[in-house]
Amino acid sequence: MPWRTIDGRGLAPKSSPELEVLMKGVFDKRRFLDLLRHFVVFEEGDGGKLAKKMAGYQQFHAVNVAVAETLRAAALGSGEIVERGSTSRGRKSGGEAGDRRIGVVWHKPESGKEPDT
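Quick note: the sequence shown uses our numbering, first residue 3, plus one each step.
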C-alpha cells in the first residue's frame, strides 16, 4: 500500500507524485526514526524464515495520536501532542490534561491492523 499522507492530517492530492509523498511523508527525520524504532516488527514464518513488517501510514499516525491522547488524558509526560489527528467525523482530538477522556480508534476489516496479515 502506498504512503498517502505527508503529515497525517489529510491525504495528499491524487495529482501529487507518489514518490514525493513517500519521501516527504516517511523520510522527515523525526517521522523516519519513529517509524524505525516503533513500527517495524520481525516475525518468524514457516521454515524459520524472518519476515520484516512495517506499519502503514494509517496505523503510524493513528497510534501516535492515540499514545499522545492517552498521555494527555492521564496527565503524564510533557503533555505535548506531537501529531494531533481528528476523529472520523472530522472533530479534533484533545481535551484538558488529566480529564481521563480519550476515545476509540476504528479499523476496517482487512486493513492490516494485525502483523500477520
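Glycine residues also receive a C-beta, built at the ideal position from the N, C-alpha and C atoms.
**Item:** Enclosing alpha helix (DSSP H) for Val28 [first to last residue]
**Value:** Glu20 to Val28
**Asked** How is Glu98 classed by DSSP in three states: helix, strand or coil?
**Response** Glu98 carries a coil assignment under DSSP once its states are collapsed to helix, strand and coil.
**Item:** Identity of the residue in Arg103, Glu46, Glu45 and Gly58 nearest Val69 by Cα
**Value:** Checked all of Arg103, Glu46, Glu45 and Gly58; the closest Cα to Val69 is Arg103.
**Asked** Which stretch, first to last residue, makes up the alpha helix (DSSP H) that contains Phe62?
**Response** Tyr59 to Ala75
**Asked** What span of residues does the alpha helix (DSSP H) with Phe34 cover, start to end?
**Response** For Phe34, the enclosing alpha helix (DSSP H) covers residues Lys31 to His40.
**Prompt:** Touch check for the segment 6-24 and the segment 34-46: three-plus C-beta pairs under 8 angstroms?
**Reply:** no
**Prompt:** Which value, in whole angstroms, describes the spacing of the CA atoms of Ala99 and Leu13?
**Reply:** If you take the alpha carbons of Ala99 and Leu13, they lie about 29 angstroms apart.
**Prompt:** In whole angstroms, what is the alpha-carbon distance linking Asp9 and Gly50?
**Reply:** Near 37 angstroms, if we compare the C-alpha coordinates of Gly50 and Asp9.
**Request:** Can you give me the Cβ contacts of Leu37 inside the same chain, cut-off strictly under 8 angstroms, excluding the 5 residues immediately before and after it?
**Result:** Val28, Met56, Ala57 and Phe62
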